[in-house]
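In the working numbering, each number is its position in the sequence shown, counted from 1, plus 1025. Just below is one structure, and these are the notes that go with it.
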Amino acid sequence: MTTIEKDRTTNAPDTGAKANAPAANPEVVTKAITRLIEVPSAGAPGGSITVALITLDNGKDHTRPSTFGPLGLASLDAAITTAIDARPDAIAVTGKPFVFVVGADLSQIGSIADRAVAEEITAFGQRVFRRLGTSDIPTFAFVNGAAMGGGLELALHCRYRTLASNAAAIAFPEVFLGILPGWGGTQLLPRIAGPDNAVTVIVENALNQNRMMKPKDALRLGVVDIVLDAADYLEQSLAWLAGVLDGSITVTRNEFSDAGDDEWTAALERGKMVADMRTHGHARSPYRALELIELSRTSDLDAGLLAEGTALTDLIMSQEFRAGVYAFNLVQKRSRKPAGAPDPSLARRVSKVGVIGAGLMASQLALLFARQLHVPVVITDVDQARLDKGLASVQREIEKLKGKGRINSDEVNRLTALVSGSLDYAAFADADFVVEAVFEKLAVKKQVFGELEKYVREDCVLATNTSSLLVSGMARELRHPERVVGFHFFNPVAVMPLLEIVRAEQTDDASLATAFALAKPLKKGPILVKDETGFAFNRLLLRFMGEILASIDEGTPAEVADGALEPLGLPMSPLMLVQLTGPSVGLHVAETLHESFGDRFPVSENLRRIVDAGHRTLLSWDDQGRQILDPEIAALLVQGDRPSTAEQVRERALGALAEEARLILDEGVVADAADLDLAVITGGGWPFWLGGITPYLDREGVSERAVGRRFAPAGVATLPA
Ligand SMILES: NC(=O)c1ccc[n+]([C@@H]2O[C@H](COP(=O)([O-])OP(=O)(O)OC[C@H]3O[C@@H](n4cnc5c(N)ncnc54)[C@H](O)[C@@H]3O)[C@@H](O)[C@H]2O)c1
1026 MTTIEKDRTT
1036 NAPDTGAKAN
1046 APAANPEVVT
1056 KAITRLIEVP
1066 SAGAPGGSIT
1076 VALITLDNGK
1086 DHTRPSTFGP
1096 LGLASLDAAI
1106 TTAIDARPDA
1116 IAVTGKPFVF
1126 VVGADLSQIG
1136 SIADRAVAEE
1146 ITAFGQRVFR
1156 RLGTSDIPTF
1166 AFVNGAAMGG
1176 GLELALHCRY
1186 RTLASNAAAI
1196 AFPEVFLGIL
1206 PGWGGTQLLP
1216 RIAGPDNAVT
1226 VIVENALNQN
1236 RMMKPKDALR
1246 LGVVDIVLDA
1256 ADYLEQSLAW
1266 LAGVLDGSIT
1276 VTRNEFSDAG
1286 DDEWTAALER
1296 GKMVADMRTH
1306 GHARSPYRAL
1316 ELIELSRTSD
1326 LDAGLLAEGT
1336 ALTDLIMSQE
1346 FRAGVYAFNL
1356 VQKRSRKPAG
1366 APDPSLARRV
1376 SKVGVIGAGL
1386 MASQLALLFA
1396 RQLHVPVVIT
1406 DVDQARLDKG
1416 LASVQREIEK
1426 LKGKGRINSD
1436 EVNRLTALVS
1446 GSLDYAAFAD
1456 ADFVVEAVFE
1466 KLAVKKQVFG
1476 ELEKYVREDC
1486 VLATNTSSLL
1496 VSGMARELRH
1506 PERVVGFHFF
1516 NPVAVMPLLE
1526 IVRAEQTDDA
1536 SLATAFALAK
1546 PLKKGPILVK
1556 DETGFAFNRL
1566 LLRFMGEILA
1576 SIDEGTPAEV
1586 ADGALEPLGL
1596 PMSPLMLVQL
1606 TGPSVGLHVA
1616 ETLHESFGDR
1626 FPVSENLRRI
1636 VDAGHRTLLS
1646 WDDQGRQILD
1656 PEIAALLVQG
1666 DRPSTAEQVR
1676 ERALGALAEE
1686 ARLILDEGVV
1696 ADAADLDLAV
1706 ITGGGWPFWL
1716 GGITPYLDRE
1726 GVSERAVGRR
1736 FAPAGVATLP
1746 A
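Here it is in structure tokens:
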């Protein structure tokens, strides 16, 4: 089918909305251009129909996707007017290559200081998009690429939707960031796709680390009407449009207007369960989104949109959203361009990797390297039995990946062939990068590196996965100490994105650059840390954990101390975390930090008792499903007579956290508070709505109470003063 361009109109943006644009972040304007196109249609008089095709394009390549700010919305508004005035047979909206629209411009929305401005932009988006929903001319969204947030809402306002088979990133990320879809999403999606699918897309996917839909998911969930091949997507979409108009194509959708009470109740209860599980009731956005989804059942669209607009405005003016945008930028931008990393061009090529130790961490590292770098990996241990155990664990993980459908049989064979074991260090002679994950003992690590140096090339980087020893201490006596770096992963390696890269006393730029260059293909978010005991993340973690355990030792009931941080909505309680990392690992790291820093890091006598008694689990559940201290553990505790309340424990733990963060910064362990925030998000799964940790400490006033000043001025990751 051919299409003929008949007319071309450029719509100058209506600068009437300019006042809305916050001055700090000039808008990259997405322009909307309307073209009138003749589309062959056998069923139409004259053999063709006229389609007004609106194309959205911010004039940048796909690495800077189109977004909507006030000027972009004004341009779309003008383009819709042009389209309607031309009285075409249909109006269609599409995007630039690979991108439909990825929603509102976050940097703009996240810097709004005035509620009236938030209200205005919310209402403006709804008003413009709604024109596509109320027009008597049939409207179509040709979703040719990424469609997030407001982009997806724009598509939902249209009467019909096609989606390109190669479109990536279809999602409503709002709830993940602390807001909600407020340009119609919460009211339209339940009407179009039903309550259960709306809960999945708006709440569940968003809270599941912002999961994106693939085209087949979007189709299954009723978000689009059809997926069309990417090769000639526009032509096919126009032909489909012509078919819909002449009646040769019937669009069948489930009818949700009569969804029964049971369906609604089940969907909303499921949404609440997901929100409770992910946020422990401490983020407002998923709950407000659920209220609005519920409202869409009974309210007319105008009233629903009004309520949605109010909710979005409230959330735009919330601390959580400011923290959410800040956290999002850390993960999206800062972790890709780590502060202090040397010139990437200094990095050396890595085409073979060695892993020393075949224990818990080493076997995970071997698989990660093989899977992500596609290079041969040789692993070793002290004897064949331990080596075989490590290799078997790698194999088990490979089979698990296959079982979950994450890799196919070819990949199973490839990975199996890439990971080999050897007890002979000569196997590392041609390695470019060797990482050790042997016992956490300086003498053992020194001995391993000393021996290794006899075999490897002079430029082979030697990395250590130590969590608490000084890297310089392992390097100092080597012939080439400049090639030693710290490469600190977190358990489970496949899941935790944080990677602390340590520059030791003598580390050179080329070795450090090589370590940083590996982070990207390994899909890790690196931060550069100075060589000090515990680096950054464990110092923060152990510091607040130390206060929780100390308060138990003093006489605070374990449940009270363990629940004290509940209002933060952390992914797990402190004791759960001790259990997960293993009480003996926790004790060992606490002892190392105590040795270096003294009483700031107390070693809990009760933790020692638990480890000495050989316990690995600390918690159990009572008959009401509440998490409690295991009675056997409780019987071991020796407690003092100075109990604290939950508030006292919280203030004390957070105060300690603020103090430690301040010290870490003053000692130059990391470049900026942002790195600490990034570390707790990627290393500890701390929620976005806290903004990592320092914005939370600032906005709760803890920073000022504990160390006399904030980490960042008001307005950075928090609402302006
Ligand atoms: N477990 C964690 O959660 C975690 C997290 C981050 C970092 N780390 C660090 O990773 C390292 C390993 O920890 P792990 O938990 O995997 O320990 P692990 O006890 O599971 O494994 C250590 C392995 O090293 C082997 N080994 C000991 N001496 C050796 C030598 N001279 N040559 C070769 N192999 C030797 C042991 O036989 C054992 O298989 C430690 O430095 C630890 O601090 C651990």
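For every residue, glycine included, the Cβ atom is placed at its ideal position computed from N, Cα and C.
query: Using the rule of at least 16 other Cβ atoms within 10 Å of the residue's Cβ for burial, across every protein chain shown, is Arg1421 buried or exposed?
result: It is exposed - the Cβ of Arg1421 has fewer than 16 other Cβ atoms within 10 Å.
- prompt: At what residues does the beta strand (DSSP E) containing Ala1468 begin and finish?
  reply: Careful: Ala1468 lies outside any beta strand (DSSP E), inside the alpha helix (DSSP H) at 1467-1478.
task: Would you check whether ligand 1 has a heavy atom nearer than 7 Å to the C-beta of Asp1406?
output: At least one heavy atom of ligand 1 is nearer than 7 Å to the Cβ of Asp1406, so yes.
field: Three-state secondary structure (DSSP) of Ala1348
entry: Helix.
- request: May I ask you to check if the CB of Val1473 is nearer than 7 Å to at least one heavy atom of ligand 1?
  value: At least one heavy atom of ligand 1 is nearer than 7 Å to the Cβ of Val1473, so yes.
task: Go ahead and pull the three-state DSSP assignment for Ile1137.
output: Ile1137 falls in the coil class under three-state DSSP.
query: How is Gly1272 classed by DSSP in three states: helix, strand or coil?
result: If DSSP states are grouped into helix, strand and coil, Gly1272 belongs with coil.
query: CB of Ile1526 to nearest heavy atom of ligand 3: below 7 Å?
result: Among the ligands in the structure shown, ligand 3 does not appear; only ligand 1 can be found there.
message: Can you tell me which residues form a DSSP beta bridge with Arg1528?
response: DSSP output for Arg1528 lists Val1510, Lys1555 as bridge partner(s).
- request: Write down the C-beta distance between Gly1511 and Thr1491 rounded to the nearest angstrom, noting that I regard them as a contact closer than 8 Å.
  value: About 7 Å separates the two Cβ atoms, so the contact holds.
- prompt: Within the present structure, is the beta-carbon of Val1610 separated from the nearest heavy atom of ligand 1 by less than 7 Å?
  reply: The closest heavy atom of ligand 1 lies less than 7 Å from the beta carbon of Val1610.
task: Less than 8 Å between the CB atoms is what I'm expecting for Phe1197 and Gly1174, so what's the real figure, rounded?
output: Between Phe1197 and Gly1174 the beta-carbon gap is near 6 Å, inside 8 Å, which marks them as a contact.
query: Quick one: Cα of Ala1057 to Cα of Ser1310, how far?
result: Taking the straight line joining both Cα atoms gives about 31 Å.
field: Selection from Ser1091, Ile1689, His1182 that minimises the alpha carbon distance to Pro1215
entry: The option with the nearest alpha carbon to Pro1215 is His1182.
query: Would the beta-carbon of Ala1544 fall within 8 Å of that of Val1554?
result: No, the pair does not count as a contact, with Cβ atoms beyond the cut-off.
query: Mind checking whether Leu1096 and Val1054 have CB atoms under 8 Å apart?
result: It is a contact, given that the beta carbons lie within the stated cut-off.
- request: Can you tell me which of the three DSSP states Ile1718 falls into?
  value: In the three-state reduction of the DSSP assignment, Ile1718 falls in the coil class.
query: Exposed or buried, Lys1479, counting other C-beta atoms within 10 Å across all chains shown (16 or more means buried)?
result: Classification for Lys1479: exposed.
query: Mind checking Phe1464: buried by the 16 CB within 10 Å criterion, or exposed?
result: Phe1464 is exposed by the Cβ-count criterion.
query: For Ile1251, which residues does DSSP report across the bridge?
result: Paired residue(s): Thr1187.
Where the alpha helix (DSSP H) containing Pro1401 begins and where it ends: First-last for Pro1401: undefined, no H or E at that position.
- prompt: How many Å lie between Pro1738 and Arg1724 at the Cα?
  reply: Approximately 10 Å between the Cα atoms of the pair.
query: Taking just the CA atoms, how far does Val1228 sit from Val1299?
result: Spanning the alpha carbons of Val1299 and Val1228 requires a straight line of approximately 8 Å.
query: Any chance the CB of Met1499 is under 7 Å from a heavy atom of ligand 1?
result: It does not: the Cβ of Met1499 is nowhere closer than 7 Å to a heavy atom of ligand 1.
field: Met1298 in three-state terms, based on DSSP
entry: Helix at Met1298.
query: With C-beta atoms as the reference, is Ile1274 less than 8 Å away from Ala1243?
result: Not a contact, by the Cβ cut-off of 8 Å.
task: Please confirm if the segment 1594-1610 is in contact with the segment 1640-1651, defined as three or more CB-CB distances below 8 Å between the two stretches.
output: Flag = yes, the segment 1594-1610 and the segment 1640-1651 touch.
message: Could you check whether the Cβ of Ala1737 sits closer than 7 Å to any heavy atom belonging to ligand 1?
response: No - ligand 1 has no heavy atom lying nearer than 7 Å to the Cβ of Ala1737.
task: Look up Val1124 in the DSSP assignment and give the residues it is bridged to.
output: Answer by DSSP bridge pairing, in chain order: Lys1121, Ala1171.
- prompt: Can Phe1713 and Gly1384 be called in contact, C-beta distance under 8 Å?
  reply: Pairing Phe1713 with Gly1384 gives a Cβ-Cβ distance that is not under 8 Å.
query: Between which two residues does the alpha helix (DSSP H) harbouring Gly1611 extend?
result: From DSSP, the alpha helix (DSSP H) with Gly1611 extends over 1608-1622.
- prompt: Where does Pro1369 land, buried or exposed, given buried means 16+ other C-beta within 10 angstroms?
  reply: Pro1369 is exposed by the Cβ-count criterion.
message: What I want to know is whether the C-beta of Gly1379 ends up closer than 7 Å to one or more non-hydrogen atoms of ligand 1.
response: No, ligand 1 has no heavy atom inside 7 Å of this Cβ.
- request: Identify every run of the beta strand (DSSP E) within the segment 1147-1171, keeping only runs that are complete inside it and at least 3 residues long; order them along the chain.
  value: Those beta strand (DSSP E) runs which fall completely within the segment 1147-1171 and span 3+ residues are 1164-1168.
field: Thr1719 versus Ala1442: straight-line alpha-carbon distance, rounded
entry: Each residue's alpha carbon lies about 45 Å from the other.
- prompt: Between the C-alpha atoms of Tyr1312 and Gly1594, what's the straight-line distance to the nearest angstrom?
  reply: Answer to the nearest angstrom: the Cα atoms are 14 Å apart.
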